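Engineer: In order, the protein sequence lines correspond to chains A and F.
Here the first sequence is numbered in my numbering, starting from -14 and rising by one per residue.
Here the second sequence is numbered in my numbering, starting from 12 and rising by one per residue.
Cβ coordinates follow ideal geometry from the N, Cα and C atoms, glycine included.
Given the structure is predicted, the values throughout are model-derived calculations rather than measurements.
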Amino acid sequence: DVKVTQSSRYLVKRTGEKVFLECVQDMDHENMFWYRQDPGLGLRLIYFSYDVKMKEKGDIPEGYSVSREKKERFSLILESASTNQTSMYLCASSPVRVNYEQYFGPGTRLTVT
Amino acid sequence: GENVEQHPSTLSVQEGDSAVIKCTYSDSASNYFPWYKQELGKGPQLIIDIRSNVGEKKDQRIAVTLNKTAKHFSLHITETQPEDSAVYFCAASMSGSARQLTFGSGTQLTVLP
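1. Could you check what DSSP says for E90(F) in three-state terms: helix, strand or coil?
2. What distance in whole Å lies between the Cβ atoms of S39(F) and I88(F), which are believed to be in contact at a cut-off of 8 Å?
3. For a test of the three-state rule: what should DSSP assign to N69(A), helix, strand or coil?
4. Can you name, in chain order, every residue of its own chain whose Cβ lies under 7 Å from the Cβ of S50(A), other than the five neighbours on each side?
5. Helix, strand or coil, according to DSSP, for D60(F) in the structure here?
6. Could you check which residue in S96(F), Q56(F), V15(F), S116(F) has the C-alpha nearest to that of S23(F)?
7. Please list the partners that F5(A) has in chain F, where partner means a Cβ-to-Cβ separation under 8 Å.
8. When the distance is taken between beta carbons, is D11(A) closer than 8 Å to E57(A)?
9. Between L115(A) and chain F, is any beta-carbon pair separated by less than 8 Å?
10. Within the 8 Å Cβ cut-off, does K79(F) reach chain A?
11. With distances taken between CB atoms, is the gap from Q22(A) to L28(A) smaller than 8 Å?
12. Contact defined as beta carbons within less than 8 Å: I believe S63(F) pairs with V75(F). What is the distance between those atoms, to the nearest angstrom?
13. Checking contacts by CB at 8 Å: is K53(F) closer than that to chain A?
14. Using a beta-carbon distance below 8 Å, is G27(A) in contact with chain F?
15. Going by the DSSP bridge assignment, what does Y36(F) pair with across the sheet?
16. Would you list the one or two residues that DSSP bridges to H83(F)?
17. Using a C-beta to C-beta distance shorter than 7 Å, which residues of chain A count as neighbours of G115(F)?
18. Taking the Cβ atom as the reference point for each residue, do E26(F) and T91(F) lie within a distance shorter than 8 Å?
19. Give the residues of chain A in contact with F84(F), contact being defined as C-beta atoms less than 7 Å apart.
20. With 8 Å as the limit, tell me which residues of the stretch 33 to 60 of chain A have their beta carbon closer than that to any beta carbon of chain F; keep them in chain order.
21. What residue range does the beta strand (DSSP E) around T0(A) cover?
22. Rounded to whole angstroms, what is the Cα-Cα separation between P93(F) and P124(F)?
23. Which residues in the same chain have their Cβ closer than 7 Å to the Cβ of F5(A), if we skip the five residues on either side of it in sequence?
24. Where Q87(A) and Y(-5)(A) are concerned, what is the direct C-alpha to C-alpha distance, given to the nearest angstrom?
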């Protein structure tokens, strides 16, 4: 089975802190994604990566950056956390084939105080 | 870009009844429409998908229909069971960027025993 793991289930950070969210997949997938999930807004794409060291902005990249140094690992970085970044963050991966299933991790609930 | 609207936001049905969730999309070039189910504390998981060359697809108690002319698609769950209680998301793939999905806002389905 495909497994996507995220480093933390719950995280509490202070305003202004630098925050790292880590995601690892074990299926050698080329594509990896970071989404933000908020009630009533569904899943919104922050960034995605289709290869090592490659990244593309999604719909809401402001305030975030990403890093993909290894194929299996995709990190989301909040350079200076703000309260409006309190949310559920979901990582996903998929093979390079067009229109294929995305496999999601369990999510990280981030609270910024 | 693509915009996906999903209705209703909440849906309660009696066990054994049917449930229908509807989505509309804006980009007529979208050609892939998956449905994801998110159980409490877990990431979304693909349950069924349909491509634009097909009008209907069925998998046991779940079916999806697509009307390309009207740009809407629906999820039908028959003989609902308590384990069907979850949040359901529809999605559409954006033209020109097949790796990306645009998600609807989600439907909280509750199956009452």
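Structural biologist: Working from what's here:
1. coil
2. Not quite, the Cβ-Cβ distance comes to about 27 Å (not below 8 Å), so this is no contact.
3. helix
4. I62, E64
5. strand
6. S96(F)
7. None at all; the shortest Cβ gap to chain F is about 19 Å.
8. yes
9. Here chain A has residues from -14 to 98 only, and residue 115(A) is not among them.
10. no
11. yes
12. About 12 Å separates the two Cβ atoms, so there is no contact after all.
13. yes
14. yes
15. V15(F)
16. T35(F), N78(F)
17. G27
18. yes
19. None at all; the shortest Cβ gap to chain A is about 14 Å.
20. F33, Y35, G43, D44
21. Looking at the DSSP string, T0(A) is not in any beta strand (DSSP E), and its letter there is neither H nor E.
22. 7 Å
23. S60, I62
24. 23 Å
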